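K.L.:
Line order of the protein sequences matches chains A and B. Oh and the first sequence: position 26 is 26 in the working numbering, straight run, nothing missing. To convert, count from 1 in the second sequence and add 112; that's the working numbering. Glycine residues also receive a C-beta, built at the ideal position from the N, C-alpha and C atoms. These numbers were taken from a predicted model, which means no experiment stands behind them.
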Amino acid sequence: EADIYQTPRYLVIGTGKKITLECSQTMGHDKMYWYQQDPGMELHLIHYSYGVNSTEKGDLSSESTVSRIRTEHFPLTIESARPSHTSQYLCASSEQGADTQYFGPGTRLTVL
Amino acid sequence: GEDVEQSLFLSVREGDSSVINCTYTDSSSTYLYWYKQEPGAGLQLLTYIFSNMDMKQDQSLTVLLNKKDKHLSLRIADTQTGDSAIYFCAEASGGSYIPTFGRGTSLIVHP
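1) Please state whether DSSP places B:Asp190 in a helix, a strand or coil.
2) Shortest alpha-carbon distance to B:Ala204 belongs to which of B:Tyr145, B:Lys168, B:Gln149?
3) Using a threshold of 8 Å, state whether the C-beta atoms of B:Leu173 and B:Leu155 are closer than that.
4) Mind checking if A:Glu72 is an interface residue toward chain B, Cβ cutoff 8 Å exclusive?
5) In this structure, how does DSSP classify B:Asp170 when only helix, strand and coil are distinguished?
6) Taking B:Ser129 as the reference, which of B:Cys201, B:Arg215, B:Thr212, B:Thr193 has the closest Cα?
7) Please classify B:Ala189: is it buried, with 16 or more other beta-carbons within 10 angstroms of its beta-carbon, or exposed?
8) Using CA atoms only, rank isn't needed, just tell me which of A:Glu42, A:Val66, A:Met41, A:Gly106 is closest to A:Gly51.
9) Taking A:Glu22 as the query, report the chain B residues whose CB atoms sit under 7 Å from its CB, ordered along the chain.
10) With distances taken Cα to Cα, identify the nearest neighbour of B:Ala197 among B:Asp138, B:Arg125, B:Glu117, B:Glu150.
11) Cβ of A:Thr114 less than 8 Å from any chain B Cβ?
12) Any C-beta of chain A sitting closer than 8 Å to the C-beta of B:Leu186?
13) Could one say the Cβ of B:Tyr136 lies closer than 8 Å to chain A's Cβ atoms, at least one of them?
14) Can you name the residues of chain A whose CB is closer than 9 Å to the CB of B:Gly194?
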């Protein structure tokens, strides 16, 4: 069973607030990812990391930022939330190479 | 860039077989995956197949790969209401091995 956690599970916040979505995994995986999932189900890769101190932007341009100071932790920050940031955010991890991605349960963000 | 296409909806009766189809464009795809997403949850890997295989059977799941046509399918035998979920096809190729996902097929199982 995968051990990857996301907090909070649900967040409702006002416009202009700074938010941090937490993701942590206990599997020692080097690679971690953030996806944004539209209401229409499609997954968009917004950030990924190959390991500590590595961060890359994904296919979808995002106003969020990420950091990877520790292997197990990959937080995503939005400096000033806007209604357009309303979405589900999924975190995933995998070992190096073409290995299985393990997904967290997701954070559903609503910005009013 | 890479593209993965799936039909958006599939409706079946309980006890019937379900077949979910997927096409992809990247001829260098090395790994092909099927993930399942239940409401309010993340994605769970169901099964995967290497591009040098034609078929993989995993309990009630059968994956067929037609590499020439770049067509992947997932067959669920004896579909139950608990199989109702969104099923994502994904492919990964050499280099970064970051999967490209389809839009997902919503499987609805009627009693």
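P.N.:
Straight from the coordinates:
1) As a position in the second sequence, residue 190 of chain B is number 78, starting the count at 1. Note: B:Asp190 maps to coil in three-state DSSP.
2) Here residue 204 of chain B refers to the residue found at position 92 when the second sequence is read from its first residue. Comparing Cα positions, the closest option is B:Tyr145.
3) If you number the second sequence from 1, residue 173 of chain B lands on position 61. If you number the second sequence from 1, residue 155 of chain B lands on position 43. Against a cut-off of 8 Å, the Cβ pair of B:Leu155 and B:Leu173 comes out as no contact.
4) Within the first sequence, the letter at position 72 stands for residue 72 of chain A. By this cut-off, A:Glu72 is not an interface position.
5) Translated into the one-based positions of the second sequence, residue 170 of chain B becomes position 58. Residue state, collapsed to three classes: strand.
6) By 1-based counting over the second sequence, the position of residue 129 of chain B is 17. The residue with the shortest Cα to Cα distance from B:Ser129 is B:Thr193.
7) Here residue 189 of chain B refers to the residue found at position 77 when the second sequence is read from its first residue. Its Cβ having fewer than 16 others within 10 Å, B:Ala189 is exposed.
8) Sequence index remark: in the first sequence, residue 51 of chain A carries index 51 (1-based). Here the closest residue by C-alpha is A:Val66.
9) Taking the first sequence and counting its residues from 1, the one referred to as residue 22 of chain A is at position 22. Chain B residues near A:Glu22: none, gap ~14 Å exceeds 7 Å.
10) Locating residue 197 of chain B in the second sequence gives position 85, where the first residue counts as 1. Per the Cα distances, B:Glu150.
11) An answer regarding residue 114 of chain A cannot be provided, because it is not within the stretch 1 to 112 covered by chain A.
12) Numbered from its first residue, the second sequence carries residue 186 of chain B at position 74. Cβ-Cβ to chain A under 8 Å: no for B:Leu186.
13) The residue labelled residue 136 of chain B in the question sits at position 24 within the second sequence. No, its Cβ sits nowhere closer than 8 Å to a Cβ of chain A.
14) The sequence position of residue 194 of chain B within the second sequence is 82, counting from 1. Neighbours of B:Gly194 on chain A: none; closest Cβ ~18 Å, over 9 Å.
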